[in-house]
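Taking the numbering used here, the leading residue of the sequence shown gets 149, the next gets one more, and so forth.
One structure below.
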Amino acid sequence: MPVAEQQYGNALEGLTKTLRPYRWGDSLRLVHWRTSARYGDLRVRELETPTGGQDLVLALDTSPGWPPATFELAVVAIASLYRYAHQRDRPVQVWLPETGPLRSPRQVWEALATILPQVPADPLALPPLPVLWLGYAPVDGLPRGSRALIWPETFAGVKADLSSDIASDPDPNLKAWLGACPKLQQALQTLS
149 MPVAEQQYGN ALEGLTKTLR PYRWGDSLRL VHWRTSARYG DLRVRELETP
199 TGGQDLVLAL DTSPGWPPAT FELAVVAIAS LYRYAHQRDR PVQVWLPETG
249 PLRSPRQVWE ALATILPQVP ADPLALPPLP VLWLGYAPVD GLPRGSRALI
299 WPETFAGVKA DLSSDIASDP DPNLKAWLGA CPKLQQALQT LS
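In structure tokens, the structure reads:
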């Protein structure tokens, strides 16, 4: 297969950066037909250029203090981002304070299914790569080029499911975690 065909074939995964007017020599496979019909001239998808093989590191802050339902959403977000990158053959790893970097899907799913916000995360222990940091509070000391995604205290309408037979337990945090875990496990099972 010619290099140009490999490039177009690999790039037709929905990674469109912008649409631009057709230029002589553009592949017809890159024409966005719906937009072309709307504007009356050919419009071609300009594609994102993958970062040259550098790993995407997804890091989760597991420090105590997360609201349980919010932490569950952060774990599901990490799992979703990992799955998205892995399905597109992008180099990706998940970093957790308890385990360090994880690459294989099985390791990632198992670690995320059992993770709790109990171990303080030290950004200085991260690999020297840009990371996407998911946490509940701002953090300093991330590697150069990193981004932090800070989760708010609550999301509208998101509450832990406390309707179980553990309602007699006096510890409200334990109730919230035990109520939230089945949802987390169910979400992670659908990813594998």
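In this text, a Cβ means the ideal position worked out from N, Cα and C, and glycines have one as well.
Could you please give the first and the last residue of the uninterrupted beta strand (DSSP E) stretch that includes residue i?
i: Pro169; result: 164 to 169
i: Glu194; result: 191 to 195
i: Gln241; result: 240 to 244
i: Trp281; result: 279 to 283
i: Gly248; result: 248 to 250
First and last residue of the alpha helix (DSSP H) that includes residue i?
i: Glu145; result: Nothing can be reported for residue 145, as the shown portion of the chain is limited to 149 through 340.
i: Trp181; result: 181 to 187
Under three-state DSSP, which class holds residue i?
i: Ala269; result: coil
i: Ala207; result: strand
i: Trp257; result: helix
i: Arg292; result: coil
i: Leu176; result: helix
i: Cys329; result: Because the pLDDT at Cys329 is just 49, under 50, the model does not fix this residue reliably, and the point stays unresolved.
Restricting to Cα atoms, I'd like to know which of the options is closest to residue i.
i: Asp174; options: Thr166, Glu194, Ala185, Gly188; result: Glu194
i: Gly248; options: Pro275, Arg168, Thr218, Ala233; result: Pro275
i: Pro278; options: Pro169, Arg171, Leu206; result: Leu206
i: Pro245; options: Pro216, Pro265, Ala269; result: Ala269
i: Leu204; options: Leu264, Lys165, Arg236; result: Arg236
i: Pro300; options: Gln255, Arg171, Pro265, Phe219; result: Phe219
i: Gln255; options: Arg231, Leu272, Pro265; result: Arg231
i: Tyr170; options: Pro291, Ser184, Leu190, Thr164; result: Leu190
i: Leu272; options: Trp172, Pro291, Val179, Arg251; result: Pro291
Beta-carbon of residue i versus every beta-carbon of chain C: anything under 9 angstroms?
i: Pro276; result: Absent from the structure is chain C; it holds one protein chain and no more.
Notebook entry, point to check: Is it a yes or a no for the region 287 to 296 touching the region 234 to 249, going by three-plus beta-carbon pairs under 8 angstroms?
Noted result: no
Note to self: Using 8 angstroms as the cut-off, can you tell me whether the region 254 to 273 makes contact with the region 220 to 233, which would need three or more C-beta pairs spanning the two stretches below that distance?
What the structure shows: yes
Notebook entry, point to check: Counting pairs of beta carbons, one from the region 277 to 290 and one from the region 201 to 214, are three or more of them closer than 8 angstroms?
Noted result: yes
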